[in-house]
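*Asks:*
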Amino acid sequence: MSYPRWLWPALSAPALLWLGLFFCVPFYAVLAVAMGTVDPIFQTPKPTWNPLDWDTSAFSFVFDGLFTSGGPFQTVFLRTIVYVVVALALSLLIAYPVAYFAARRAGRFGTLLLVGLVAPFFISYLMRMLAWINLLQEDGWVNDALLWAHAIDRPVAWLDGRASSVILGLVYGYVPFLILPLYAFLDRIDERVLEAARDLGAGPFQTFRRVTLPLSAPALLAGSVIIALPMFGDYYTPDLLSGSPRTSLIGNEINLYLRGGQQIPVGAALVCVLTMLLLVLIVAYLVAAARAARRLR
Amino acid sequence: MRARLAKLRRRPKLLFLFTVAYLAWSLVPVLLAVRFSFNEGRSRSSAQGWSTRWYWGDPDLSVWHDPDLRSALFQSLRLAGFAIAIAVPLGVALALGITRWRGRVARPANLLALSTLVTPEIVMGSALLLVFVNLLTFMPLGTPAQLVGHVTFSLAFVLLVVRGRLVSIGREYEEAAMDLGASSLRTLRSVLLPLLSPAIVASAIVVFALSMDDFVVSAFLSAGSGTDTVPVRIYSNARGSPTPALNALASLTLFLTLGAVALAFGVWQAVRRRGGERGSAVGELARLEL
Amino acid sequence: MRHPRERRGLDRRDFLRASAATALGLAGSGSLLAACGDSGGSATPTSSTPATGPDTAPATTEAPATTEAPPTTGGGDAPFQLARPHSPVTLPLFDDNPPPESGLEPESGPLRVYNWVDYLWKRKLKEFGEEYGVEVELTTFYTMDEAITKLASGAVEFDVFFPTPDRISRLVAGKLLRPLNLGYIPNLANVWPQLQDPFYDVGSQYTVPYTVYTTGIGYRTDKLAAAPGTLANPYEIYWDEAYKGKTFLLDDSREAISMVLLKNGITDLNTEDPTAIEAAKEELIALSDLVNVKVSAEDYTKIPEGSAWIHQAWSGSMIAAPYYLPEGTDASVIGYWYPPEGGGAIGSDAMAVLRSSKSPVLAHQFLNFMLDEKHAYENFAGYVGYQPPLTSINPDRLVADEVVPPHLATAVVRPSDFDRGYQELELSPEGQILWQNAWAEFKAGV
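As you go down the protein sequences, you meet chains C, G and U in turn.
Take the first sequence: its letters are residues 1 to 297, numbered as in the numbering used here.
Take the second sequence: its letters are residues 1 to 290, numbered as in the numbering used here.
Take the third sequence: its letters are residues 1 to 446, numbered as in the numbering used here.
#1: Give the straight-line distance between the Cα atoms of C/Val-166 and C/Leu-159, rounded to the nearest whole angstrom.
#2: Where does U/Phe-248 fall in DSSP's three states?
#3: Assuming G/Tyr-22 contacts C/Val-287 under a Cβ cut-off of 8 Å, what Cβ separation, rounded to an integer in Å, is found between them?
#4: According to DSSP, what are the bridge partners of U/Leu-177?
#5: Are G/Leu-129 and G/Arg-233 close, meaning C-beta to C-beta below 9 Å?
#6: How would you list, in chain order, the residues of chain C whose beta-carbon sits under 7 Å from the beta-carbon of U/Thr-247?
#7: In chain order, which continuous runs of the alpha helix (DSSP H) of length 4 or greater are located wholly inside the stretch 153 to 214 of chain C?
#8: Please check the pair C/Ala-58 and C/Pro-47, which I expect to be a contact at CB under 8 Å, by giving their CB distance rounded to whole angstroms.
#9: Which residues in chain G have a C-beta closer than 8 Å to the C-beta of U/Val-212? List them in chain order.
#10: Under 9 Å between C-beta atoms, does U/Thr-139 make it to chain G?
#11: Is U/Glu-402 helix, strand or coil by DSSP?
#12: In or out: U/Asp-252 buried (at least 16 other Cβ within 10 Å) or exposed?
#13: What does C/Gly-36 reach in chain U if we use C-beta pairs closer than 7 Å?
#14: Measuring only the C-alpha atoms, how far is C/Ser-2 from G/Met-178?
#15: Examine chain C for any beta-carbon lying closer than 9 Å to the beta-carbon of U/Ser-288, and answer yes or no.
#16: Quick check on U/Glu-327: does DSSP put it in helix, strand or coil?
#17: Just checking, does the stretch 97 to 108 of chain U make contact with the stretch 179 to 189 of chain U on the three C-beta pairs under 8 Å criterion?
#18: Between which two residues does the beta strand (DSSP E) holding U/Gln-312 run?
#19: Please classify U/Arg-254: does DSSP put it in a helix, a strand, or coil?
#20: Residues in the same chain with beta-carbon distance under 7 Å from G/Ile-169, minus the five sequence neighbours each way, listed in chain order, please.
#21: Which of helix, strand or coil does DSSP assign to U/Tyr-238?
#22: Residues of chain G with a CB under 7 Å from the CB of U/Ser-153: which are they?
#23: Cβ atoms of G/Val-123 and C/Thr-275: under 9 Å apart, would you say?
#24: Hey, out of U/Pro-85, U/Gly-174, U/Trp-309 and U/Glu-282, whose CA is closest to U/Pro-198's CA?
#25: Please report whether the beta-carbon of G/Gly-224 lies at a distance below 9 Å from any beta-carbon of chain U.
#26: G/Arg-44 touches chain U at which residues, Cβ-Cβ below 7 Å?
#27: Please list the partners that G/Asp-228 has in chain C, where partner means a Cβ-to-Cβ separation under 7 Å.
#28: From the beta carbon of C/Ile-81, is the nearest beta carbon of chain U less than 9 Å away?
#29: Return the CA-CA distance between U/Thr-211 and U/Pro-415, expressed in angstroms with no decimal places.
#30: In terms of residues, what are the limits of the beta strand (DSSP E) holding U/Thr-214?
#31: Below 8 Å between beta carbons is the criterion; list the residues of the stretch 133 to 166 of chain C that meet it against any residue of chain G, in chain order.
#32: State the beta-bridge partners of U/Leu-138 as determined by DSSP.
#33: Among the residues of its own chain, which have a CB less than 6 Å from the CB of U/Leu-16, if the five just before and after it don't count?
#34: So what does U/Ala-345 bridge to, in DSSP terms?
#35: Does U/Gln-432 have its Cβ less than 9 Å from a Cβ in chain C?
#36: Assign C/Val-38 to one of three DSSP states: helix, strand, or coil.
Written out as C-alpha cells, the structure is:
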C-alpha cells in the first residue's frame, strides 16, 4: 500500500498553476509592454504579445542611457551598485559577529537574544524607517545625543540628501534578514568539527578563521543574495531619507517611468534590464538552494 | 557552579558588547517611535507628555477617527488574513507534492517556486501591475490584485518551512499507518498533516509577517487611498505632514502583529510539546532556512 | 503612493479649522458678481518662443505668436488639437454621445465620484447626498495617468471625474466624457467669465472649472536675507548658495523645468524646442551641484516645518501651510512670491461627467452643487485650500474672513492672473517624451 502516483502532481498543481498565471505570465507581460506601443489617444501602453511584431525602441532608449558614459541610466545603475555593495559589506560586518554570538556563545541569554533578533522581522520595514526619520530630524534625538557627546558642535541635517544616510538606512532595514540565515547555519555547525580543530592544536581564533568561517561561506553567499536583491529594487529608502536626485537608485527611475507619463514601455524595459543584471545573483542563489535541497533528500 | 563560571569566562566580552549594541541600535528607535505615538503634542521627534490622543482621543486626527488611517489598518489586516487563508493551504500542498513527486517536472517546478523568493519586489509589483491592467483585466486593482501579489510572494516561504519539516520527520509514521491498513488519503489527513502542524503554524506566522510588511506590491496594486495598507500610508504621510497619529498607526500595527505572533507562538509551542519536542519555538523559527 | 504628477495629495484634513469656523457663517454671494468686468474669451499672453528646434515638425510645436496655424498633435494619428489660449479648441460632439435631455429628474443614485486624494471635503459629499436623497461614493486616485489608465481600460465606472485641462481633448476624443447640458448647471454663472468659456473647452461643452492655482516661490521670511521679490530676477533665488541644502523644487516633470524656462525669460511653458528643454535640464543638473537641490511635493509642510527655506510651491499649498506651523510660530514666517503683476505659471482643474455614468443628471446636479457660492467657498476654505474660480472670491474677502493672512494674499489667484499667466498644457507625444526624459535625467542625479 502506498500513495497513488497521481497524488503528488495533483497536490502541486494548484500552486503551480497559480505561479504560472501570476508569476510567469506577468513576466511575459512586462516584456510585451516593453516591446509594445502606446495608445495614440490615452498614451496607455498597448502590449505586443506576438514576438514577431516586437518594437525594440524602448530597449534601445534604455541601452542608450546605459552605455553612454554619463548617461542617466548608467549613472543610477552604477550608484545603485555602489550603494548596495557598501551596504552589503557593512551588513556582513554587523551580522556575522551578532549571529555568531547568538548561535554559539549566547549561553543562557540565547532565547531572549533570539527574540530580539527575530523581532525586526515582525516590525514593518516602513515603520523602522519612520522611526529613524523621527530620530534624524534636526531637533531629533540623534543630534541631541551627538551634541551632548560633543561629537558635533551644531545640529546636522541628516535628512538633507546624504548618501551616508541612505546607505545606513539600507543597512538598518535589511541586516535582520541577513542575521537569521547566518544564525540558522552557525547553530547547526557540528561541535565535534570544532573540537577536532582544537584537539589538533588550533587556538580559538585559528579555529574560527580556518574552520568556522570557511564552513559559513555558502550561508554568507545565500544571505548576501537574499538582502542584496531587494536593495537593488529599493526606491522608498532614498525617497524617505533623502529626496535628492543625487541619491536616487534604479528603483526610483523605474518608479518614475512606470507609474505615470507616456513612456511606460521604457519603465518595463528598465525592469527587464534590471532583472537581467540580477540574474547572475538569482541563478547563484537557485543553484545553491537546489544543492541544499538535494542534500536534504 | 564552576562549570557555569567557566562558561561565562568563555563568553567573549567584546562580542557580547557588540551584540548588545546591535540590539539597541536595532530596537531602540522603534521603541522611541512607539513612545512618540503617546505624545500629547504634535511632535514626532521629542517626548511631550503622555496621552492616547493620537490613537482615539483626537476627534479628527487620531487613528480611530481619521478614515484614511483606520482604513489602512483594516486593509493590512484584511490582506494578511486572506493571504494566510490562501497561501498556507496552497503552499502546504505544493510542499507535499514537490517533495514527494519524483517526476521530471518536479525540479523545474521547485526552481519556479523558489525564484519568486529572489525576485525583487519592484519587479514583481510592476509585472503584476502591467498584467492586471493589460491582460488579466478581470482582476481589478485594489484588494483582489494586492491579495494575489501577497499570496504569490508568500508561497515560496510556506514551501520552504513545510518542506524542511517534511524532510526531517521522514516516512516511518506514514508507512506504519499504511501497514496498519489506513488508506492513503486517510494517512495524509490523520498522520502527515498533524505531524506537519508545527510547520503549518510557523508558515502562517511567516505569511502574516510578510504580508503586513509588504510595501511595494501593495503600493503598485493599490486602487486608490481606500486600499492603501499601513506601510503605504506610512510612506505617503512620512514625507508630508505626519502627526504622531502616524506613529500611533505604526505602533498599533506593531502591537497587533506582535500579539498575533505571540499567540501563534503559543499555539506552536503547544503543538510542539504535544509532539514531544523541546526547546523554544522562537529558536525553531530562527533556525528555519528562509 | 505619492507620485511626481500628484500635485494635490495634501494631507490637509481640517486645515485652517479655526479660521474656517469663523468664516463659514457667511455664504452670501451678494454683490461680488460684479467684481470682474471683463467678458468671456481669454485675452491671452502671446508666447515668445525662441526659434523652433530643427528636429520637431513645425506643426507639433507651439507656434510663435505670428503663426496662425493651430497646433495639433504630431503624426496625425491622434485626432485632437492642442488647446492653447491663442488657439481655443471647440471639442467635437459625437452623435452616439449626446448630452442628457433637459428637464429630467435626477436619478436615484448612487453618485460615484472619482477624484484626487484629499481634493474634496467629504462633508460636502454628505450634504449633497442628504439634499438629493442619494448615496455618494468617493473613490480617489493619486495621479491623472493612473486615473485615465483605469477609466480607459473600462474596468471602473464612475459618474463624476476631475480631469486636468491638459487631458480633456484626449478624454473627449476617446469618448470617455459625456457632453454637458448646461441647463442643469446654472451656477456656472458664478464662475469667472473667462473660465465659463475656456480656451480648452469653448462653450464648456464637456467640463466646468473646479479650482485655480498659481506656481510661485514659497519661502521662509525669517531665514532668507532678502525675499525673492527684491531680486531683479526672483527665480535666481534657487541658485543662491547661501541656502544650500534648504532649496526644494516641486516633484513634477513640468513645474521644475518651467521654472527654469521662466527664469530664462522663456514664457512658452509648452515649448517643444529640444534646445530650450535641454538647456533647462542642464541648469537643473547644475543646480543639484550648486545647492544639492531636492524635489518634493510637500511644499505645504516643508516650509512651515523649516526643512525647506525655499520651496517651489503651489498657491493652494501656501494657503494651507500656516496650519502646519509648529505651535508658537507666527504665520508671518511663511512667504509666497508670485509675479505681482502676473506673468507666472498658472493652472486650473475641471469637473466632468463620465460617459459611463448611470446617473448623468444627478452628476450634473453635483457639478452645479460644487459651483454653488456657499458650497464652493466652504469646500475651499474648510478643507481643500485650492480656490474655486468664483467671482465672489477675492484676496480682500479672504483676508477679511481670516482664511488667508494678509501677507499671503499673494497666494490668492485673481482673474487677471489668468490673462497674464502661462499655463502648462497638453503637449504632442514627442513633446511629452522630451519633457519626461529631461526630468528623468535630472532625477537620476547625473
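Where is the CB? At the ideal position from N, CA and C, for every residue including glycine.
*Replies:* According to the structure shown:
#1: 9 Å
#2: strand
#3: Actually they do not touch by this definition, with Cβ atoms about 31 Å apart.
#4: U/Leu-354
#5: no
#6: Within 7 Å Cβ-Cβ: nothing; U/Thr-247 doesn't reach chain C, min ~10 Å.
#7: Fully enclosed alpha helix (DSSP H) runs of no fewer than 4 residues occupy 163 to 186, 191 to 199 and 204 to 207 of the stretch 153 to 214 of chain C, in order along the chain.
#8: Incorrect: roughly 12 Å between the Cβ atoms, too far for contact.
#9: Neighbours of U/Val-212 across chain G, judged by C-beta separation under 8 Å, do not exist; the nearest C-beta is about 23 Å away.
#10: yes
#11: DSSP places U/Glu-402 in coil when its eight states are reduced to three.
#12: buried
#13: Within chain U, no residue comes near C/Gly-36; the closest Cβ sits about 14 Å away, beyond 7 Å.
#14: 7 Å
#15: yes
#16: coil
#17: yes
#18: 310 to 314
#19: coil
#20: Leu-195
#21: helix
#22: Val-133 and Thr-137
#23: yes
#24: Comparing Cα-Cα distances from U/Pro-198 to each of U/Pro-85, U/Gly-174, U/Trp-309 and U/Glu-282, the minimum goes to U/Pro-85.
#25: yes
#26: Per Cβ cutoff of 7 Å: no residues; G/Arg-44 is ~11 Å from chain U at best.
#27: By Cβ distance, chain C contributes nothing, its closest Cβ being about 12 Å from G/Asp-228, past 7 Å.
#28: No - not a single Cβ of chain U is within 9 Å of the one on C/Ile-81.
#29: Across the structure, U/Thr-211 and U/Pro-415 are spaced so that their CA atoms are roughly 12 Å apart.
#30: Where U/Thr-214 is concerned, the enclosing beta strand (DSSP E) stretches over 207 to 220.
#31: Ile-133, Asn-134, Leu-135, Gln-137, Asp-139, Gly-140 and Trp-141
#32: DSSP output for U/Leu-138 lists U/Val-113 as bridge partner(s).
#33: Annotation note: pLDDT 39 at U/Leu-16 (below 50); position unreliable, no value reported.
#34: U/Thr-215 and U/Tyr-422
#35: yes
#36: strand
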